[in-house]
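Notes to accompany the following structure.
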Amino acid sequence: MIERKIDDKTNVVEELMSNKYAELEDKYNEKYSLIERKIDDKTNVVEELISNKYAELEDKYNEKYSLIERKIDDKTNVVEELISNKYAELEDKYNEKHSLIERKIDDKTNVVEELISNKYVEIDNKYSSMHFDVENKLNTFISELNLKLANSSEKMDRDIKEQLDNLTKLKLNLSNIEGDVLKLKEDSYHNVSSHLKLLEEDFFRDLKERGDNLRSSLENFVTSSDQRIENLEREIIRNLEDKENLIKDFGREIEQKFILNKENFYLEFSKEFDVKKRDIESKIVLMETNFTNRVDEFIGLIDNRQSNVDSWFVKVKDDMLNWQKNAYKEFEERSGITKESLNQIKNDIDIIENDLAIVKSNVTQQTKETFENLHTDIKDFEDRTYFNLKNISK
Numbered sequence: 036m037i038e039r040k041i042d043d044k045t046n047v048v049e050e051l052m053s054n055k056y057a058e059l060e061d062k063y064n065e066k067y068s069l070i071e072r073k074i075d076d077k078t079n080v081v082e083e084l085i086s087n088k089y090a091e092l093e094d095k096y097n098e099k100y101s102l103i104e105r106k107i108d109d110k111t112n113v114v115e116e117l118i119s120n121k122y123a124e125l126e127d128k129y130n131e132k133h134s135l136i137e138r139k140i141d142d143k144t145n146v147v148e149e150l151i152s153n154k155y156v157e158i159d160n161k162y163s164s165m166h167f168d169v170e171n172k173l174n175t176f177i178s179e180l181n182l183k184l185a186n187s188s189e190k191m192d193r194d195i196k197e198q199l200d201n202l203t204k205l206k207l208n209l210s211n212i213e214g215d216v217l218k219l220k221e222d223s224y225h226n227v228s229s230h231l232k233l234l235e236e237d238f239f240r241d242l243k244e245r246g247d248n249l250r251s252s253l254e255n256f257v258t259s260s261d262q263r264i265e266n267l268e269r270e271i272i273r274n275l276e277d278k279e280n281l282i283k284d285f286g287r288e289i290e291q292k293f294i295l296n297k298e299n300f301y302l303e304f305s306k307e308f309d310v311k312k313r314d315i316e317s318k319i320v321l322m323e324t325n326f327t328n329r330v331d332e333f334i335g336l337i338d339n340r341q342s343n344v345d346s347w348f349v350k351v352k353d354d355m356l357n358w359q360k361n362a363y364k365e366f367e368e369r370s371g372i373t374k375e376s377l378n379q380i381k382n383d384i385d386i387i388e389n390d391l392a393i394v395k396s397n398v399t400q401q402t403k404e405t406f407e408n409l410h411t412d413i414k415d416f417e418d419r420t421y422f423n424l425k426n427i428s429k
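Numbering (this note's numbering), first residue to last: 36 to 429.
Written out as structure tokens, the structure is:
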């Protein structure tokens, strides 16, 4: 009976505890579900807010980016058109200056060619004049030489004629001597025979002596004549050689003078031509330098403007990048705020979960302690009851 009551009480207590635990678990699940729904609702709201803000920011960014791109394209077109116009203007000016320089160079070239042509005509005239003068001097010298040769020939002819006259006279004297000999020979036949032999001997001895003397004189004359003729020939040959050497020396001297004068003239002309050429080249170089400096100045101006345009584009690009960075930074800050909100919500959820876990743990602990206390009380009750029943039975 007592045990049945104890069992009934125990069953009632266990049922009560089970009902309380089920009721507590239902409330916990209901609270947990409510908290999860609230967290999901908050998360959805935050995500929708973030999505809307991100879409709004992206639309603003795209709008700003498109606007900046249009402005950059407009400025680029304006600058390209300006550069194209400036380059066209520069090209026209360059072509005009180039044509002007070419015309000036052609004019200077024509002047130089005309000067060279005039100098060549002057050289030809001077050469013709010098050739004519040399030819006249050579003809005069040849005439003088021919005159001297003619005089020498006449003198030689006179000397030869004189020697021939002397030879003729000598032959005439020899003939006279032979006549005298014949006459003496004829006269000797009329002499007395007593004197014939003596006279004949004397005559023939004298005749022999005279013949020897005549032969010796004739040989000496012939030798002397040959010697004089040889000397005359050698003198004539020497004079001819001297005249020939003199003509050659004169020709070489004239040729050297002509070459020297020609070289000096060409040297003088070359110097003058080089001076004129250097002057013209220096003028052309100066013109080209001035034109190049002007072109460089203009190109420098274009480069400066291009640099300004480039710096403007760089500034626009930097502004664009800065705006983009700021937009991303703002978006990141807002995203950071949203993340912080989410983190805060998550932290709150974690805190709630921790609180629920603590509550659950406390409830479980309290339930456990309650069940333990209840079991202890039941055991104590059973022990006391058993002890009382034991005492009663005694």
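Built from N, CA and C at the ideal position, the CB exists for glycine as well.
Source: prediction; values computed, not measured.
Where residue i sits in the DSSP three-state scheme
i	result
E91	helix
M52	helix
F366	Interpretation of F366 is limited by its pLDDT of 49, a score under 50 that renders its predicted location unreliable; the figure taken from the coordinates is listed afterwards. F366: helix per DSSP, three-state reduction.
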